[in-house]
Each structure stands twice: as C-alpha cells, then as structure tokens.
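Sequence lines, in order, name chains A and B.
Quick note: the first sequence, position 152, residue 152 per my numbering, numbers continuous.
With the second sequence counted from 1, adding 1000 to any position gets you my numbering.
Quick notes on the structure that follows.
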Amino acid sequence: MLRVQNLQVKYGDFQVLWGVSLEVHEGEVVCLLGPNGAGKSTIINAVSGLVRPLAGCLEFCGERIDGLPTHEIVTRGISHVLERRRVFPYLTVEKNLLLGSYQVRARPHREGSLSRVFSLFPVLRQRRNQLAHSLSGGEQQMLAIGRGLMSRPKFLMIDEPFLGLAPLVVTEILKIITQIGAAGITVLFIEQNVQLALSVSHRGYVLESGRMVVSGSAKEVLESALVRKVYLGI
Amino acid sequence: MSIFTIPSSEVLIQGILSGILMGFVYALIAAGLSLIFGLMEIVNFAHGEFLMLSMYTTFWAYALFALDPLLSVPLSAGVLFLLGWLTYRGIIRRILGGPMLAQIFATFGLGIFLRAAAQFLWTPDFRQVSKAWVQGPVRILGVSVGLPQAVASVACLAAFGMLYWFITRTETGFALEATAQDRQAAALMGINTERMFALGWGIGAACVGVAGAFLANFFYVFPHVGSLFALIAYVTVALGGFGSIPGSLVAGVIIGVIEVLGGLLIAPAFKYVAVFVLYLVVVLVRPQGLFGKF
Ligand SMILES: Nc1ncnc2c1ncn2[C@@H]1O[C@H](COP(=O)(O)OP(=O)(O)OP(=O)(O)O)[C@@H](O)[C@H]1O
Ligand SMILES: [Mg+2]
Chain A
1 MLRVQNLQVK
11 YGDFQVLWGV
21 SLEVHEGEVV
31 CLLGPNGAGK
41 STIINAVSGL
51 VRPLAGCLEF
61 CGERIDGLPT
71 HEIVTRGISH
81 VLERRRVFPY
91 LTVEKNLLLG
101 SYQVRARPHR
111 EGSLSRVFSL
121 FPVLRQRRNQ
131 LAHSLSGGEQ
141 QMLAIGRGLM
151 SRPKFLMIDE
161 PFLGLAPLVV
171 TEILKIITQI
181 GAAGITVLFI
191 EQNVQLALSV
201 SHRGYVLESG
211 RMVVSGSAKE
221 VLESALVRKV
231 YLGI
Chain B
1001 MSIFTIPSSE
1011 VLIQGILSGI
1021 LMGFVYALIA
1031 AGLSLIFGLM
1041 EIVNFAHGEF
1051 LMLSMYTTFW
1061 AYALFALDPL
1071 LSVPLSAGVL
1081 FLLGWLTYRG
1091 IIRRILGGPM
1101 LAQIFATFGL
1111 GIFLRAAAQF
1121 LWTPDFRQVS
1131 KAWVQGPVRI
1141 LGVSVGLPQA
1151 VASVACLAAF
1161 GMLYWFITRT
1171 ETGFALEATA
1181 QDRQAAALMG
1191 INTERMFALG
1201 WGIGAACVGV
1211 AGAFLANFFY
1221 VFPHVGSLFA
1231 LIAYVTVALG
1241 GFGSIPGSLV
1251 AGVIIGVIEV
1261 LGGLLIAPAF
1271 KYVAVFVLYL
1281 VVVLVRPQGL
1291 FGKF
C-alpha cells in the first residue's frame, strides 16, 4: 500500500534522513521505532507532503505521491495524526471531527463516520460541545485519532499516540489501534517503547540517526541483537 | 479659559448616534484587517490604501460611467477581492517564511507604492461624487443625521453580518478557521491552505471594497484618504483583539462614539486624542484587546 524508497530529507544544511526505505502492506499494523531525533516524524511528514524530500520515491497504492500538495495526498485515502495531537484548540470537539470529513469524498458519509467515531470513543460524544483545548491529553489524543478516521482512510499514520499519557489511557488507545487494524484500515504508527508497540504490530522498523537499522516481523525485531541490547537491555 | 465645552443633550444624542453609525463602518474595515491577521499573523499595512482604491473605483465608475456609488458596491467589492487575492499570490506568499521585518515592509511598501501611484495617475486633487442618489439629512430617533452616513452604516453592518455568517456557518468558513488555528493540521484535513490564504486576503480586501464604495458617497476621495481610516482600523483591531471578528464590531462602535464625544466635549481638533488615549489604556490594561485570545 505504501512504499518509501531511498528517502532523503534535509532541513537547511542538516540532513536527517539518509536513504530510508519502508513498506506497509494492505491490512497490516506496522510500527516505526527509534530514539528521539532519529527522523521518524520526518518520514511520515514526507509521506503526507508536509516535508519536501531531497531525493527518493514515495508510492501509495502504486502511484507516485511525492511532490503533490498535502491536501491532494490525503484525498487519496491517507490520514495522518500529527505528533502532539494538534487538534484545533478553539473549535468544539464536534467541529474538529466534522473537519476530519472536509474532503468532498468523505462528506456524504459524515453522519455515519461521526457515529462510528463516537462508538469507538464514547467520551467524545459527551464532550462534543466543548472546546478541544479544554480536553485532557488522553481525550485530545482520542479526538485527534477520531478526526483522522472521519475521512474514512484506507491508511492511517499516527505519530506517537501514547506520548505523555497515563498507563490506563495507553492501554485503551492500544486496544483502539488493534480495533482499527481489525476493521481493515492499514496502520503505521510511531512509538519509542519497543515492547509496547510490537505487542499490537505485525511488523516493525527501527530507525537510528536517519538510517533504518532493523526491520522485520514483530518477533524478528524483538529478537534482533540490536534491539535486545540497546532497547531491552538484555 | 477651559477647552471643555458642555453640549446640549440634543447635540449629545445626535453625536452618539452618528458615532454609532460611523462605528459600523469602522467595524467592517477593521474586520477585514483582523481576518487577515487571524489567518496568518500578518498585519496588512496597505489596508488604508486598499480602501483608497475602492473609493477611487467608486468615484471613477461614477465620473466615467455615471454609475451611482450604491450600484458600484459589487464592482468595488469584486475589484478589491481580486486585489487582495493577487496581493497574496504575488507578494505575501513569497515572504511567508521570511523574517518579521520583511513581512512588515512588504505590505508597508505596497501601501506607499499604491498611494504614490494614485497621486501620479489621478493627481492629489480632492474629488467628490456630486449628484449621488442618497444625500441630505434624515431624522432617526428624533435627531438629524446624514442619509449617506446612515445608508453606509446599515450596509456595512449588513456586510459584517454576512461575513460573520460566512465564517461561522459555512464549510469554507470552518476551513478558514481551521487554517488559522493550525495550518498543517488543516492541510491534513484536505484543506487547500494556499487557497484559504488567498481567499482570506480576498475577503479582507473586499470588506474595504464595500466600506469604500459607501464612504465615497459622503467623503472626499484623494490619494491619502486611506491613512486616517487605516489608523482607526489598527486601533479598532487592537481594542477588539487581534483576529477577533466580533471584537471588531464592538470596538468599532466604541471608537466611533468616543471619537464624536471627544470632538464634542473637548474640541473637534482633539477628537482623535480621545481615541488614542483609549487605545493606550487598553494596551496597558488588557494588551490582548477586549476579545483577544492571546
Ligand atoms: N522543521 C525542522 N527544521 C529543522 N530541523 C528539524 C525540523 N524538524 C525536525 N528537525 C530535526 O530533524 C531531526 C529529526 O526530527 P524528527 O522530528 O523527524 O525526529 P523523531 O524521530 O520524530 O524524534 P521524536 O521522537 O523526538 O519525535 C531532529 O534532530 C530535529 O531536531
Ligand atoms: Mg517525532
């Protein structure tokens, strides 16, 4: 579904990605792991067109998407939940969600998408008339994911969904990610906690200093020498 | 000798009423400025010159084609919409990531250029629409005010209402608001943020397009006419809160009234003193303005 080949990105003179390749197949849940500053966000920002690559090829469903503006990329069925949630702070929960289905393709299904999101996250229904900035961190993350689902994407990318959340909320969102995957939506998400992320993923990638260092099935990644040594301290 | 004078109650009521009427015009001008600022945190320092161009558009439509200013409203709004759109596409877009000073000087320079161009093309002469459809006084609430002022006021209030409806009730309005709050997140919703920015500039300029057409009914048209209105618009936006559209309405009316009262209670020459004193008080006491978020 998604194929990233030899991706290179520079911010000014500072190169952060040095030829990264990655693939996500239809129906998979894949996690992208790596320490702070490795360039994980940069990869998915390049996929959604927020960052312009220096070199490389980005393909979605067999078509080149690099060079397209963001609003055209997402219309092809990609949804991207940004790092730190980035809900629209001064709009209500409901308006935030409705904006998720702004695309012409998604508008006819608004009512249905909304009730689906509300059944996935009942707390959002209770908060629907509240301004988004007044929600708790966990609720904002649910809103951000819910908003991402409102466009009925084929492919959902989530950047660090557990960042700064209480363990109970983490468990809840993990469950939701599994449910989203089970509902047939392909998922790529970023996380730093290797065990946590691999527990719900089919496959994983580990990025370090702009280079992919490990990739494989969840089991292979967990058992790789580097992950055992550096991330699990075994 | 005192510079304070005590006006009669009839003069006072008349003053307050005409202040409120002018306030609605100020509100629409300020709303355009505030819309652009709210969208991308750029102050359009050419806003006054945009107003000047809309007044000239109206004047020339009258002088060359005998089009009454009332009929020029859509023309002037359309011309200014285009001007705003082109300003974004041609200038603003190129300096968005640039340093703050570049952003200030770009619109400031555009303003100077437009003023000089107007002076070059149309001379510094004061021009006037002499036989407009609406002229003379009208009695409202027992006091007499100018009919052109009253018409301008009601029309600007109506235009303001339409703007507010558009922003808060339409899909495109939500998209503008979303773009203002988080440009990247908005793009990820499938919103063409480039188009939203251009649209914001177009609508912001069209606000003065409407106001200018009505102002041309009772105000002289000359290359520097925008400066005074722009100054008042900046004060209005600062008072109402940068980026707040409802704030512009409240602040516009407050400033319209204060301006008249300042003229009546102190002396006509000092009417703006009262306005700027109010501005200073607001900046010191509540820097974010009455309705500001920051
Ligand atoms: N807009 C930018 N301009 C300049 N440098 C940037 C920009 N965005 C990111 N960087 C730098 O690029 C590197 C990679 O950033 P990126 O956000 O992709 O890392 P990450 O793996 O997502 O890290 P984290 O886990 O902290 O989110 C970092 O060193 C960061 O400082
Ligand atoms: Mg990141």
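Beta carbons are placed, not taken as given, at the ideal position from N, Cα and C, and that holds for glycine.
For clarity, every value in this text was computed on a predicted model and none was experimentally measured.
Which residues bound the beta strand (DSSP E) around residue i?
i	result
A:ALA55	55 to 60
B:TYR1234	Premise fails: B:TYR1234 lies in the alpha helix (DSSP H), 1225 to 1240, not in any beta strand (DSSP E).
A:GLU94	No beta strand (DSSP E) holds A:GLU94; the alpha helix (DSSP H) holding it covers 93 to 100.
A:LYS10	2 to 11
A:THR186	186 to 191
A:ILE43	Run containing A:ILE43: none in the beta strand (DSSP E); it sits in the alpha helix (DSSP H), 40 to 47.
B:ILE1258	First-last for B:ILE1258: 1245 to 1265, but that is the alpha helix (DSSP H), not the beta strand (DSSP E).
A:ARG203	203 to 208
A:LEU156	155 to 159
A:GLU83	A:GLU83 -> no beta strand (DSSP E), and no H or E assigned at all.
A:VAL20	14 to 24
A:VAL29	29 to 33
Can you give the beta carbon distance from residue i to residue j, rounded, assuming they're within the 8 Å contact cut?
i	j	result
B:GLY1292	B:PHE1242	6 Å
A:SER41	A:PRO153	So it is not a contact: roughly 19 Å between Cβ atoms.
B:HIS1222	B:PRO1137	Residue 1222 of chain B is actually Phe in this sequence, not His. That belief does not hold up - the Cβ atoms of B:PHE1222 and B:PRO1137 are roughly 25 Å apart, past 8 Å.
A:THR186	A:LEU131	Not quite, the Cβ-Cβ distance comes to about 32 Å (not below 8 Å), so this is no contact.
B:VAL1151	B:GLN1014	The Cβ separation is near 17 Å, so there is no contact.
A:VAL9	A:PRO53	5 Å
A:GLY204	A:VAL230	That pair is no contact at about 14 Å.
A:ALA218	A:SER151	Contact doesn't hold; Cβ gap of about 28 Å is too wide.
B:ALA1159	B:LEU1028	6 Å
B:THR1193	B:THR1179	5 Å
B:PHE1081	B:ALA1205	6 Å
A:LEU32	A:ILE190	5 Å
B:SER1054	B:GLY1212	3 Å
A:ASN96	A:CYS57	Actually they are not in contact, since the Cβ atoms of A:ASN96 and A:CYS57 sit about 33 Å apart, beyond 8 Å.
B:GLY1190	A:TYR102	5 Å
A:ARG128	A:GLU94	4 Å
B:VAL1079	B:GLY1209	6 Å
Can you tell me where the alpha helix (DSSP H) with residue i in it begins and where it stops?
i	result
B:ARG1139	It is not in any alpha helix (DSSP H) - B:ARG1139 instead sits in the beta strand (DSSP E) that spans 1137 to 1140.
A:MET142	137 to 149
B:VAL1283	1271 to 1285
B:VAL1025	1009 to 1040
B:MET1196	1193 to 1215
B:MET1055	1047 to 1065
A:LEU114	110 to 120
A:VAL235	The structure shown does not extend to residue 235 of chain A, since chain A spans only 1 to 234, so no value can be given for it.
A:HIS71	70 to 75
A:GLU172	167 to 182
A:ARG211	Segment 211 to 217 is the beta strand (DSSP E) holding A:ARG211; no alpha helix (DSSP H) there.
A:VAL194	194 to 198
B:LEU1176	1171 to 1181
Closer than 8 Å: is that where the CB of residue i sits relative to any heavy atom of ligand 3?
i	result
B:ALA1206	Looking at this structure, you won't find ligand 3 anywhere; what it does contain is ligand 1 and ligand 2.
- Item | Cβ-based contacts, 9 Å cut-off: residues of the segment 90 to 108 of chain A near chain C | Protein chains A and B are contained in the structure displayed, whereas chain C is not.
- Message: Any residue with its C-beta under 7 Å from a non-hydrogen atom of ligand 2 counts. Can you list them all in chain order?
- Response: A:LYS40, A:SER41, A:GLU83, A:ASP159, A:GLU160 and A:ILE190
- Mind listing which residues of the segment 59 to 90 of chain A have their C-beta closer than 8 Å to chain B's C-betas, in chain order? PRO69, THR70, HIS71, VAL74, THR75, SER79, HIS80, LEU82, ARG86, VAL87, PHE88, PRO89 and TYR90
- Between the segment 40 to 51 of chain A and chain B, which residues of the former have a C-beta closer than 7 Å to a C-beta of the latter? SER48 and LEU50
- Query: Relative to chain B, which residues along the segment 149 to 162 of chain A have a C-beta separation below 9 Å, given in chain order?
  - Reply: MET150 and SER151
- Task: Any chance you could list the beta strand (DSSP E) runs of at least 3 consecutive residues sitting entirely within the segment 1077 to 1148 of chain B, in chain order?
- Result: 1137 to 1140 and 1143 to 1146
- Message: Against chain A, which members of the segment 1261 to 1288 of chain B pass a CB distance test of less than 7 Å?
- Response: none
- Message: Please list, in chain order, the residues of the segment 1177 to 1190 of chain B that have any C-beta partner in chain A closer than 7 Å.
- Response: GLU1177, ALA1178, GLN1181, ASP1182, GLN1184, ALA1185, ALA1187, LEU1188, MET1189 and GLY1190
- Message: Closer than 8 Å between beta carbons: that is the criterion. Which residues of the segment 1165 to 1177 of chain B meet it against chain A?
- Response: GLU1171, PHE1174, ALA1175 and GLU1177
- Item | Residues, ordered as in the chain, of the segment 1190 to 1205 of chain B that lie near chain A by beta-carbon distance below 8 Å | GLY1190, ILE1191, ASN1192, THR1193 and GLU1194
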